[in-house]
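Comments concern the structure below.
Number of protein chains: 2
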Amino acid sequence: MNDFSMLAHKRRSIRDFEDRSVQESLLKEIITESCLAPNAQNSQPWNFIIVHNRSLIRKLSDESKKNILERIDADPGTSLKKYQEILKIEEFNVFYNAPCLIYVAGPRQVRSLQVDCALWACYFMLSAASRGLGSCWVDLGADIRDPQLLKEIGLPQGYRIVAPIIVGYPKRIPAPPERNTPRVLKIVS
Amino acid sequence: MNDFSMLAHKRRSIRDFEDRSVQESLLKEIITESCLAPNAQNSQPWNFIIVHNRSLIRKLSDESKKNILERIDADPGTSLKKYQEILKIEEFNVFYNAPCLIYVAGPRQVRSLQVDCALWACYFMLSAASRGLGSCWVDLGADIRDPQLLKEIGLPQGYRIVAPIIVGYPKRIPAPPERNTPRVLKIVS
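Put into structure tokens, the structure is as follows:
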């Protein structure tokens, strides 16, 4: 196995963290390295918000839960429906009490925004794992609408959060989730 | 620099390939490794189409160019407009005469399809680079609608191509594109 293979096998989505903060300088090193990710037209539409404040992280979790529950009520056929029960549990923190939350965001009108930020996030999760940190993309934490909270995190108007990523030192490394055999639909020689 | 840092710095988007095909077994090794990518709910919605046939790759390029040009005609305000001139050049192959093209695709109704496939593609590009191969996500090659061509590549009804990725042995490694200093909008301590 080469080095990347080992890292790909080692990286896990981490949802259980030590009660220990992540140094700002280390975070910035990882964020900078992740900007080496491929992206459309080298436009690098990614922007970052870093939240260490646990009470704010909690408020962001509550806000996103509330908004997603409203979306489920408005459209009971949505695929979000499967999260309804867990989102109703008041103590449930979508960010799993992580010591740090990073939002990756960019201008809504950028056509490639979602894909570019996903590629950035992929590099981030690998780069963090290569340094002994754990992370997880928490899609349930992206639905922030409250003007006061948007101001607190400094999201500019017209920007969209693509990926909320929690990061910290793993307390427990979960077993690898099972993977299917790749579904190759066709090979044309 | 750790191993991932070196790989992140080494990987480039490659658009100039040696006239040498990629072994099927090596491709499958990379495809399988890339399925270790994180994805929503471990749903792994990714499916793969592998095209080695250069005349089919050329036809897919022509089809996608034609369709994107039609979209530009129908909506001159689109951000695709900037590609109009190059797409009109008959000899221009959006796949840069690569020896192999991989389509990553999945069911349209999967909410996380685009992001999951982007994360898969990210692993693929890194895994390929770690083995000395070059690759590039070619968004201009995704717009395939002709029923005969869709049949030739075996795309099931209701599936959407997320990422067309070309892969081969690099003839020339381009200089690294410049990267901006990360834009950190706010740090909340």
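Each protein sequence line maps, in turn, to chains A and B.
First residue of the first sequence: 864, per the numbering used here; consecutive thereafter.
First residue of the second sequence: 864, per the numbering used here; consecutive thereafter.
Glycine included, each C-beta is placed from N, C-alpha and C at the ideal position.
Fair warning: this is a prediction, and the values are worked out from it, not measured in the lab.
E1015, I1016, G1017, L1018, P1019, Y1022: these are the residues of the segment 1009 to 1022 of chain B whose beta carbon lies less than 9 Å from some beta carbon of chain A, given in chain order.
Apart from sequence neighbours up to five positions away, the residues of its chain that approach B:E926 with a beta-carbon distance below 8 Å are D1006, I1007, R1008, D1009, L1012, ordered along the chain.
Residues of chain B with a Cβ closer than 9 Å to the Cβ of A:A1038 do not exist, since the nearest Cβ in that chain sits about 12 Å away. For A:G1031, the number of other beta carbons within 10 angstroms of its own is at least 16, and it is reported as buried.
Residues L932 of the same chain have their beta carbon placed closer than 8 Å to that of A:K951, with the five preceding and five following residues left out of the count. By the rule that beta-carbons nearer than 8 Å mark a contact, A:E896 touches chain B. The Cβ-Cβ distance between B:P1033 and B:D879 falls below 8 Å.
If you check the CB distance, B:C980 and B:V1051 do not come in under 8 Å. Using a CB distance cut-off of 8 Å, B:Y1032 does not count as an interface residue toward chain A. Per the Cβ contact rule, the segment 912 to 919 of chain A is not in contact with the segment 975 to 995 of chain A (fewer than 3 Cβ pairs under 8 Å). Under the 10 Å beta carbon count, A:K928 is surrounded by 16 or more other beta carbons and is classified as buried.
The C-beta distance from B:C999 to B:S876 rounds to 4 Å, short enough to fall under 8 Å. For A:F958, the three-state secondary structure derived from DSSP is coil.
Between the alpha carbons of B:V1001 and B:L923 lies a gap of roughly 12 Å. Fully enclosed alpha helix (DSSP H) runs of no fewer than 4 residues occupy 1010 to 1016 of the segment 977 to 1040 of chain A, in order along the chain. For B:A937, the uninterrupted alpha helix (DSSP H) segment begins and ends at 917 to 937.
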